[in-house]
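S.K.: Line by line, the protein sequences give chains A and B. For the first sequence, our numbering gives the first residue as 1, with consecutive numbering after it. For the second sequence, our numbering gives the first residue as 1, with consecutive numbering after it. The structure is given below, and queries will be raised subsequently.
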Amino acid sequence: MNPFKHLQTRNSISPWDYLWSFLLLTVIASLPAFLYGKRFLQLNNSYFKWYLLYLVLVSSIFVSIVSYRKYVTFDLPIRHLNQATKKVSQGDFSVYLQPIHNDGNISDLDQMFENFNTMVAELGSAETMKNDFVANVSHEFKAPLAVIKSYASTMQEEAEAGSELAGSLQTIIDQTDKMALLVTNVLKLTKIETQAVQPNVQDYDLSRQLTDLILTFEKIWEEKQIALQVEIPDQLRLQTDPEMMVLVWQNLLSNAFKFTPMGGSVTVAAKQVDDGIEVRVKDTGPGMSEETVKKIFEKFYQGDQSHATSGNGLGLALVDRIIHLMAGTISVSSKLGQGSEFKVWLPAKKINII
Amino acid sequence: MANILVVEDDTKFNQIMCLYLNNHGQRAQAAFQAQEAYTKMYNHLFDLIISDVMMPNIDGFEFAEKVRQINPTIPILFVTARDDIQSKRQGFESGVDDYMVKPIDMTELLLRVKALLRRANVADNQRLEIGRTLMDSQAVSISVGKEAIPVTVREFNILFKLLSYPNKTFSRAQLLDEFWDIDSSTSLRAVDVYITKIRNKFASCNDFQIMTVHGLGYKAVISS
Chain A
1 MNPFKHLQTR NSISPWDYLW SFLLLTVIAS LPAFLYGKRF LQLNNSYFKW YLLYLVLVSS
61 IFVSIVSYRK YVTFDLPIRH LNQATKKVSQ GDFSVYLQPI HNDGNISDLD QMFENFNTMV
121 AELGSAETMK NDFVANVSHE FKAPLAVIKS YASTMQEEAE AGSELAGSLQ TIIDQTDKMA
181 LLVTNVLKLT KIETQAVQPN VQDYDLSRQL TDLILTFEKI WEEKQIALQV EIPDQLRLQT
241 DPEMMVLVWQ NLLSNAFKFT PMGGSVTVAA KQVDDGIEVR VKDTGPGMSE ETVKKIFEKF
301 YQGDQSHATS GNGLGLALVD RIIHLMAGTI SVSSKLGQGS EFKVWLPAKK INII
Chain B
1 MANILVVEDD TKFNQIMCLY LNNHGQRAQA AFQAQEAYTK MYNHLFDLII SDVMMPNIDG
61 FEFAEKVRQI NPTIPILFVT ARDDIQSKRQ GFESGVDDYM VKPIDMTELL LRVKALLRRA
121 NVADNQRLEI GRTLMDSQAV SISVGKEAIP VTVREFNILF KLLSYPNKTF SRAQLLDEFW
181 DIDSSTSLRA VDVYITKIRN KFASCNDFQI MTVHGLGYKA VISS
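Right, dumping it as structure tokens:
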């Protein structure tokens, strides 16, 4: 995110600076001799050497005083400011910069610090407000959905299995789930795009995560008689943010099951590759044209413009952002009429996420 | 049967959770605020608490922390709309045992409640009857007709879980959760071994069948 993050800052005085000031001082010191000295060329050789040595000393004292002053009045405060901005850019708004002068002799740097503090405080409160807002929206939307879903599923237990009523209730349940995923997608996407979310990197078992998530689609594959092929090893250790990866798999799987027609097939395969883990989600849905493939990771893009198959065009945009955040890659191969395949690669080693 | 306290400010949602739990052999009571929950806890003994996070006055985190101070062992399950990472972390730090995000699946709620109760060693006395097969969770015994079939606790737990949710596939890892007392390094193959044993023991019983769902796990199918 920060293109300069690995460049070492350098602000000490270099040998060249010293050489220049030495030459400059020599010229200045010898100006009177040049202008008024009559026997300049007959200068005694031994005197000349002492004079030169004297100038070497004078210039080094000069340079060290100047560099010390520069260090105290400029470099040090700037370094503090630099560290503070770094913290803020990483989402820490508790930073406060101590002004350098407290005696009323306010310099430009002091004013800059003061302004910086005000800015950070403002940013911090805006950030808290935004976070609260996101949490509130999520609460306000999901609370009624939770009520609808739980009443429907309780009623469904009473309803005769296979009856029309049971089917209608299932539709209500499915739609609430869709709505809930939509709310989650919108909020997560805004969060990822507007601020540097700190992924909570953990070591966890991807096999378990994938299997558990696939199982949540059991009703759909039974209903649509989809042949499900699962090739997942017993264990795959991975170091990323498990919560965010849930959203990735949820979106990919729900797309695969959504677009696969009755009697089609869905394949989910995961395996260890040389430098990471590869997960493939393949369906036998309608597939996409090349143009569509180019655009699917854009926000609000839907391959099917008629909106016949419900979706919100946010899922894949979110998937793309999350995978980039995890330093992984995602690729799609698709042919019209033959289905699509999404391939996700994730690094096996823990990566330092900024 | 376990005593469960449901703390949730949304009346409708609270009611349905209580209703569902009561319909499924638990004894649930509702509290609409943390304060009310404290009062109820003074008068009753509860085996488990289900709590919301965003509540007026005292929120779920604070409530959980308070409860933990008084009772360090009671299982607490958060049911909340907040799915952001911070609140999850905060939840577990305040001593919560499990976490579900709204809208929740009622079957899953019951599954988790049962798992938590088992972990807390709360006797969950339940009987399951499938055709001629009768399972008694307190006695850990299974009988088909008049014949008792000897099973180990683990075999019983796996079969009980499968038969409680017929036609629902459980992954091997989910079934392995029934062995919570042994360390997590146990291979998933152990589950296959137990399933084979169960199948052998119930080979002559035609009330149900345990099907392999390739690559995923197992499910019980009740013969019609």
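Positions of the beta carbon are idealized from the N, C-alpha and C atoms, including for glycine. Nothing here was measured: the structure is a model prediction, and the numbers come from that model.
Can you have a look at LYS5 of chain A and say buried or exposed, based on whether 16 or more other CB atoms are within 10 angstroms of its CB?
M.R.: Confidence is the limiting factor: at LYS5 of chain A the pLDDT is only 49, short of 50, which leaves the residue's position unreliable and the question unanswerable from this model.
S.K.: Give the range of the alpha helix (DSSP H) segment to which ARG119 of chain B is assigned.
M.R.: Where ARG119 of chain B is concerned, the enclosing alpha helix (DSSP H) stretches over 106–119.
S.K.: State the DSSP-derived secondary structure class of ALA31 of chain B, mapped to helix, strand or coil.
M.R.: Strand.
S.K.: From SER306 of chain A to TRP249 of chain A, what does the alpha carbon distance come to, in whole angstroms?
M.R.: For SER306 of chain A, the predicted structure reports a pLDDT of 49, less than 50, and the residue's modelled location is therefore unreliable. The matter cannot be settled from this model.
S.K.: Whose Cβ in chain A lies nearer than 9 angstroms to the Cβ of LEU188 of chain B?
M.R.: Residues of chain A passing the Cβ test: SER207, ASP234, GLN235.
S.K.: May I have the straight-line CA-CA distance separating LYS191 of chain A from PRO72 of chain B, to the nearest angstrom?
M.R.: So the two alpha carbons sit approximately 35 angstroms from each other.
S.K.: For the segment 156–170 of chain B, which residues have a CB atom closer than 9 angstroms to at least one CB atom of chain A, in sequence order?
M.R.: Flagged, chain order: ASN167, LYS168, THR169, PHE170.
S.K.: Would you verify that the beta carbon of GLU103 of chain A is, or is not, closer than 8 angstroms to some beta carbon of chain B?
M.R.: Checking the sequence shown, residue 103 of chain A turns out to be Asp, not Glu. Cβ-Cβ to chain B under 8 angstroms: no for ASP103 of chain A.
S.K.: Where do the ends of the alpha helix (DSSP H) carrying LEU355 of chain A lie?
M.R.: Since the first and last residues shown for chain A are 1 and 354, residue 355 of chain A lies out of range.
S.K.: Of all the residues that make up the segment 15–34 of chain B, which are near chain A by a beta-carbon distance shorter than 8 angstroms?
M.R.: Flagged, chain order: ILE16, MET17, LEU19, TYR20, ASN23.
S.K.: Distance cutoff 8 angstroms, beta carbons only. Does ASP274 of chain A sit that close to anything in chain B?
M.R.: No, because no Cβ of chain B sits closer than 8 angstroms to the Cβ of ASP274 of chain A.
S.K.: Roughly how many whole angstroms lie between the Cα atoms of ASP98 of chain B and HIS24 of chain B?
M.R.: Between ASP98 of chain B and HIS24 of chain B, the C-alpha separation is close to 20 angstroms.
S.K.: Are the C-beta of HIS44 of chain B and some C-beta of chain A separated by less than 8 angstroms?
M.R.: No, HIS44 of chain B does not count as interfacial toward chain A.
S.K.: What would DSSP say about MET1 of chain A, mapped onto helix, strand or coil?
M.R.: Unreliable placement is indicated for MET1 of chain A, whose pLDDT of 41 sits below 50; no coordinate value is reported for it.
S.K.: Give the secondary structure of VAL53 of chain B by DSSP, where H, G and I count as helix, E and B as strand, and everything else as coil.
M.R.: Coil, per DSSP.
S.K.: Out of curiosity, what's the CA-to-CA distance linking SER331 of chain A and ASN167 of chain B?
M.R.: Distance between the alpha carbons of SER331 of chain A and ASN167 of chain B is about 35 angstroms.
S.K.: Beta-carbon separation of GLN209 of chain A and PRO233 of chain A under 8 angstroms?
M.R.: Cβ distance not < 8 angstroms, so GLN209 of chain A and PRO233 of chain A don't count as in contact.
S.K.: When you compare each of A:GLY328, A:ALA146, A:ASP75 to ASN14 of chain B by their alpha carbons, which one comes out closest?
M.R.: Looking at the Cα atoms, A:ALA146 is the closest of the given residues.
S.K.: How is the beta strand (DSSP E) around TYR194 of chain B delimited, first residue to last?
M.R.: Segment 189–201 is the alpha helix (DSSP H) holding TYR194 of chain B; no beta strand (DSSP E) there.
S.K.: With distances taken between CB atoms, is the gap from GLU8 of chain B to ASP47 of chain B smaller than 8 angstroms?
M.R.: It is not a contact, given that the beta carbons lie outside the stated cut-off.
S.K.: Is it true that the segment 51–68 of chain B meets the segment 117–127 of chain A, where meeting means three or more beta-carbon pairs spaced less than 8 angstroms apart?
M.R.: Segments in contact, no.
S.K.: Can you tell me where the beta strand (DSSP E) holding ARG280 of chain A begins and where it ends?
M.R.: Taken as a continuous stretch (DSSP letters only), the beta strand (DSSP E) holding ARG280 of chain A covers 276–283.
S.K.: Would you mind telling me which residues of chain B sit closer than 7 angstroms to GLU231 of chain A, beta carbon to beta carbon, in chain order?
M.R.: Near GLU231 of chain A (Cβ distances below 7 angstroms), the residues of chain B are GLY215.
S.K.: What residues from chain A crowd round LYS114 of chain B, counting only those whose CB sits closer than 8 angstroms?
M.R.: Within 8 angstroms Cβ-Cβ: nothing; LYS114 of chain B doesn't reach chain A, min ~16 angstroms.
S.K.: Among residues of its own chain, excluding the 5 on either side of ASN157 of chain B, which ones have a beta-carbon nearer than 6 angstroms to its beta-carbon?
M.R.: Hits under 6 angstroms: GLU178.
S.K.: Give me, in chain order, the residues of the same chain whose beta-carbon lies closer than 7 angstroms to that of VAL58 of chain A; leave out the 5 immediate sequence neighbours on both sides.
M.R.: Here the set comprises LEU25.
S.K.: Look up LEU128 of chain B in the DSSP assignment and say whether it is helix, strand or coil.
M.R.: Three-state result, LEU128 of chain B: strand.
S.K.: In terms of alpha-carbon separation, which member of A:GLY285, A:SER340, A:LEU252 lies closest to ALA362 of chain A?
M.R.: Any question about residue 362 of chain A goes unanswered here, given that chain A covers just 1 to 354.
S.K.: Let me confirm a value: THR211 of chain A is counted as buried when at least 16 other C-beta atoms fall within 10 Å, else exposed. Which label applies?
M.R.: Classification of THR211 of chain A: buried, given that the 10 Å Cβ count is 16 or more.
S.K.: Per DSSP, which one or two residues make a beta bridge with PRO347 of chain A?
M.R.: Paired residue(s): A:GLY276.
S.K.: Is there a Cβ of chain A sitting closer than 8 angstroms to that of PHE13 of chain B, yes or no?
M.R.: Yes, contact with chain A.
S.K.: Given a limit of 7 angstroms on CB to CB distance, which residues of the segment 142–153 of chain A reach chain B?
M.R.: For the segment 142–153 of chain A, which is checked against every Cβ of chain B, the residues closer than 7 angstroms are LYS142, ALA143, LEU145, ALA146, VAL147, LYS149, SER150, TYR151, SER153.
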